[in-house]
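Below: the structure, in structure tokens.
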Amino acid sequence: MARILCAAIFSMAVFLSNTAFAQDTGFEVKAYKDRFEPQSITVKKGEKVSIKFVSTDVDHGIHLDEFGLKNTIIPEKDSVTLEFTADKTGTFSFPCTKYCSWRHLVGMRPKFEIKVAE
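Going by the working numbering, the letters in the sequence shown line up with residues 2 to 119, in that order.
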């Protein structure tokens with residue numbers, strides 16, 4: 002009986018070690034008039050991602066359409082946390098969508114990238 006129990010426990014341990022579990026991954030991204038810091042993050046496909054965007058100066062905007070998060074405003078000197086599951090692979094770029102400085106007029110819009118790997 003003890004052998005059967007040990008075999009069952011061993012089998013369960015092997016099964017669980019080969020099973021991929023989605024992990025929660027959190028980041029803080031600071032928004033400035035001319036950049037985001039960090040400018041990119043890398044996550045694994047299937048991970049639950051939480052990004053706290055912090056405005057260091059004026060209102061900023063972020064649009065993560067690929068992950069179902071549309072036109073979110075980050076209020077002046079405040080923060081917004083966005084959460085999603087990284088359900089597709091690739092590199093996704095998200096420019097600031099709220100006019101925050103003259104740099105927007107000359108195409109120098111700050112952008113943020115999310116890289117999703119297998």
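Glycine included, each C-beta is placed from N, C-alpha and C at the ideal position.
Consult DSSP for residue i and reduce its assignment to one of helix, strand or coil.
| i | result |
| --- | --- |
| GLU119 | coil |
| GLU29 | strand |
| GLU114 | strand |
| GLU38 | strand |
| VAL107 | helix |
| GLU84 | strand |
To which residues of the same chain is residue i closer than 6 Å at the C-beta, ignoring the five residues directly before and after it?
| i | result |
| --- | --- |
| GLU29 | LYS53 |
| CYS101 | LYS34, VAL59, HIS61 |
| ILE75 | ALA32, PHE54, SER56, HIS61, VAL81 |
| LYS46 | ALA87, THR90, VAL117, GLU119 |
| VAL1 | Examination of residue 1 is not possible in this model, given that the chain is present from 2 through 119 alone. |
| GLU67 | PHE93 |
Residue i: buried (16+ other C-beta within 10 angstroms of its C-beta) or exposed?
| i | result |
| --- | --- |
| ALA118 | exposed |
| VAL107 | exposed |
Throw me the rounded Cβ distance for the residue i and residue j pair, which I believe falls under 8 Å.
| i | j | result |
| --- | --- | --- |
| LYS112 | PRO96 | 5 Å |
| ILE63 | THR98 | 7 Å |
| SER94 | GLU114 | 5 Å |
Among the residues of its own chain, which have a CB less than 8 Å from the CB of residue i, if the five just before and after it don't count?
| i | result |
| --- | --- |
| SER51 | ASP25, THR26, GLY27, PHE28, THR82, LEU83, GLU84 |
Who are the near neighbours of residue i in its chain, counting only those whose CB is closer than 7 Å to its CB and skipping five residues on each side?
| i | result |
| --- | --- |
| CYS69 | Correcting the residue identity first, residue 69 is Gly in this sequence and not Cys. The residues are PHE85. |
Segment contact, 8 Å Cβ cut-off, at least three pairs: the segment 79-86 with the segment 34-43: no
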